[in-house]
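Visitor: Protein chains in written order, with this note's numbering: chain A, 1 to 217; chain B, 1001 to 1217. Glycine included, each C-beta is placed from N, C-alpha and C at the ideal position. Structure incoming, see below.
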């Protein structure tokens, strides 16, 4: 990359981190927890968020910020659950940034909220660099993508607080070594929790719900 | 995005296009065809390239340029087929650019080559903007990712000459409407060919090989 680009990028990342810190303290003031959900396209971010809403919507007030390059398919799916969903279209941008989240949060009444999910743009690369002011980074890796992804996309796995290995209902049809995976991940990120789940069949979701409850208390 | 960033980005893209044109005419002079293979992480780029090498390596001289954020797992897999594989690590960058390809091509003897495959970084967003000097853009979408991806990541599907719908061997376990998919894609890109394949079982690969042969003549 050219020197000029690198310096512009540094400026952007440093401004982004400041905004992210402001967001986090604003949320803390109102006891709102925010989770940044990250994965490749089609790994199951929306399905996971929907199952989680169904589990917790009678206990907590939840909102979702939906990031997509284009379309509002996912925000429409979420809205059908009677939960507030705010769509951000990046118009070609490969990730959300803290400014977009700050703007989206002004549309939500923080004093009446408990939990915000951010569904980031489906991308294992650029999303990793931008702190969005969330309290936790949740990375989803699905079985069909393969167990070598932490080696190939280390930055995002380094930033993860928890890695959900999704679509374990189809594990018989793919070469994914679930037994070895925690070791693969630990080589890159020794502190991340690993949970095998199926957002479709529901397997493993109780562990995920327990993890959510723990982060809320 | 800030005005400064937009203008730097425009400069980069315009310089990239010029380099890409130079690459393409250099390849044309030596009758070499180059294909840019694009997809999400884990959609089957490497598996497809390996099957294609095995089909054509006695007929054509083939080389592969492997793009990854980190690691050289894929280049090692390719090298085992006795085909020249050049690894590019972007070190955090979410796509290859024409400069990287130009540099990689200097390590290859174009006068002895017929076919070059570029395996781009696994990413449906940033890779779309950068012309690499290839003759064809091959986009792979795998069944587990879902049939709504052209709506969500339109730019890359607009740039595709062919879309390979991979992993059709597992279609019974996923909600992917293969019958409707050509219509979904045509709404965004009316001229792209759609081929359902399984790089694993081999189903549909003959059509892909025929397409390759057609582009070589």
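Would you decide whether residue 1210 (chain B) is buried or exposed? Buried here means 16 or more other CB atoms lie within 10 Å of its CB.
Guide: Burial call: exposed.
Visitor: What first and last residue would you give for the beta strand (DSSP E) that runs through residue 220 (chain A)?
Guide: In the structure as shown, chain A starts at 1 and stops at 217, and residue 220 (chain A) therefore has no counterpart that could be examined.
Visitor: Go ahead and pull the three-state DSSP assignment for residue 1137 (chain B).
Guide: Residue 1137 (chain B) falls in the strand class under three-state DSSP.
Visitor: Going by DSSP, what residue range makes up the beta strand (DSSP E) through residue 67 (chain A)?
Guide: Residue 67 (chain A) -> beta strand (DSSP E) spans 62 to 68.
Visitor: Against chain B, which members of the region 134 to 166 of chain A pass a CB distance test of less than 9 Å?
Guide: So the list reads 141, 142, 143, 144, 145, 146, 148, 149, 151, 152, 153, 154 and 155, given in the order they occur along the chain.
Visitor: With a 10 Å radius around its C-beta and 16 neighbouring C-beta atoms as the bar for buried, classify residue 1010 (chain B) as buried or exposed.
Guide: The residue is exposed, with fewer than 16 neighbouring Cβ atoms inside 10 Å.
Visitor: Can you tell which of A:212, A:157 and A:169 has the C-alpha that lies nearest to the C-alpha of residue 182 (chain A)?
Guide: Minimum Cα distance to residue 182 (chain A) is reached at A:157.
Visitor: Is residue 1187 (chain B) close to chain A, meaning its C-beta is less than 8 Å from at least one C-beta of that chain?
Guide: Output row for residue 1187 (chain B): interface = no.
Visitor: If you drop the 5 nearest sequence neighbours on each side, which residues of the same chain put their C-beta closer than 7 Å to that of residue 1120 (chain B)?
Guide: Same-chain partners within the cutoff: 1036, 1037, 1038, 1067, 1095, 1096 and 1127.
Visitor: Excluding five sequence neighbours on each side, which residues of the same chain lie with their C-beta closer than 6 Å to the C-beta of residue 161 (chain A)?
Guide: So the list reads 136 and 137, once near-sequence residues are dropped.
Visitor: According to DSSP, is residue 178 (chain A) helix, strand or coil?
Guide: Coil, per DSSP.
Visitor: For residue 1062 (chain B), which residues from the same chain have a beta carbon less than 6 Å from its beta carbon, with the 5 sequence-adjacent residues on both sides left out?
Guide: These residues qualify, in order along the chain: 1053, 1083 and 1115.
Visitor: Closer than 9 Å between beta carbons: that is the criterion. Which residues of the region 1108 to 1125 of chain B meet it against chain D?
Guide: Included in the structure are the protein chains A and B, with no chain D among them.
Visitor: Comparing C-alpha positions only, which one of B:1213, B:1132 and B:1194 sits nearest to residue 1024 (chain B)?
Guide: Closest by alpha carbon: B:1132.
Visitor: Please give the ranges of any beta strand (DSSP E) in the region 1071 to 1115 of chain B, keeping only runs that are unbroken, at least 3 residues long and fully inside the region.
Guide: Complete beta strand (DSSP E) runs here, min 3: 1084 to 1089.
Visitor: Nearest CA to the CA of residue 1195 (chain B): which residue from B:1217, B:1142 and B:1152?
Guide: Comparing Cα positions, the closest option is B:1142.
Visitor: From the beta carbon of residue 1068 (chain B), is the nearest beta carbon of chain A less than 8 Å away?
Guide: Yes, contact with chain A.
Visitor: Between the Cα of residue 60 (chain A) and the Cα atoms of A:33, A:106 and A:41, which residue gives the shortest distance?
Guide: Residue A:33 is the option with its Cα nearest to residue 60 (chain A).
Visitor: So who's on the other strand from residue 1119 (chain B), going by DSSP bridges?
Guide: DSSP lists B:1037 and B:1066 as partners of residue 1119 (chain B).
Visitor: Can you tell me which of the three DSSP states residue 1043 (chain B) falls into?
Guide: Coil, per DSSP.
Visitor: Are the beta-carbon atoms of residue 1040 (chain B) and residue 72 (chain A) separated by less than 8 Å?
Guide: It is not a contact, given that the beta carbons lie outside the stated cut-off.
Visitor: Quick check: what's the CA-CA separation for residue 1015 (chain B) versus residue 1103 (chain B)?
Guide: Straight-line Cα distance between these residues: approximately 15 Å.
Visitor: In chain order, what residues of the same chain have a beta carbon less than 8 Å from the beta carbon of residue 197 (chain A), not counting five sequence neighbours either side?
Guide: These residues qualify, in order along the chain: 48, 164, 165, 166, 168, 203, 204, 205, 207 and 208.
Visitor: Specify, as a first and last residue, the run of the alpha helix (DSSP H) that residue 1212 (chain B) falls within.
Guide: Unbroken alpha helix (DSSP H) run through residue 1212 (chain B): 1205 to 1216.
Visitor: Buried or exposed, going by whether 16 or more other CB atoms sit within 10 Å of the CB of residue 1212 (chain B)?
Guide: Buried is the call here.
Visitor: Run the CB neighbour count on residue 1111 (chain B), radius 10 Å, all protein chains shown included, and call it buried at 16 or more, exposed below.
Guide: Per the 10 Å Cβ criterion, exposed.
Visitor: Closer than 9 Å by beta-carbon distance: list the chain B residues that pair up with residue 73 (chain A), in chain order.
Guide: The contacting residues are 1148, 1151 and 1152.
Visitor: In three-state terms, what does DSSP make of residue 48 (chain A)?
Guide: In this structure, residue 48 (chain A) counts as helix in the three-state DSSP scheme.
Visitor: For residue 163 (chain A), which of helix, strand or coil comes out of DSSP?
Guide: Of the three classes helix, strand and coil, the one that applies to residue 163 (chain A) here is strand, per DSSP.
Visitor: Tell me which same chain residues have a C-beta within less than 6 Å of the C-beta of residue 93 (chain A), skipping the five on either side of it?
Guide: Once the five neighbours on either side are set aside, residue 93 (chain A) has no close Cβ partner at all.
Visitor: Tell me the rounded alpha-carbon separation between residue 12 (chain A) and residue 85 (chain A).
Guide: Roughly 27 Å separates the two Cα atoms.
Visitor: Could you check whether the Cβ of residue 40 (chain A) sits closer than 8 Å to any Cβ belonging to chain B?
Guide: Chain B contact via Cβ: present.
Visitor: Going by other Cβ atoms of all chains shown within 10 Å of its Cβ, with 16 needed for buried, is residue 186 (chain A) buried or exposed?
Guide: By the 10 Å Cβ count, residue 186 (chain A) comes out exposed.
Visitor: To the nearest angstrom, how far is the alpha carbon of residue 1001 (chain B) from that of residue 19 (chain A)?
Guide: Interpretation of residue 1001 (chain B) is limited by its pLDDT of 47, a score under 50 that renders its predicted location unreliable; no figure is taken from the coordinates.
Visitor: Opposite residue 14 (chain A) in the DSSP bridges: which residues?
Guide: DSSP, once it has assigned bridges, lists no residue as partnering residue 14 (chain A).
Visitor: Is residue 1201 (chain B) helix, strand or coil by DSSP?
Guide: If DSSP states are grouped into helix, strand and coil, residue 1201 (chain B) belongs with coil.
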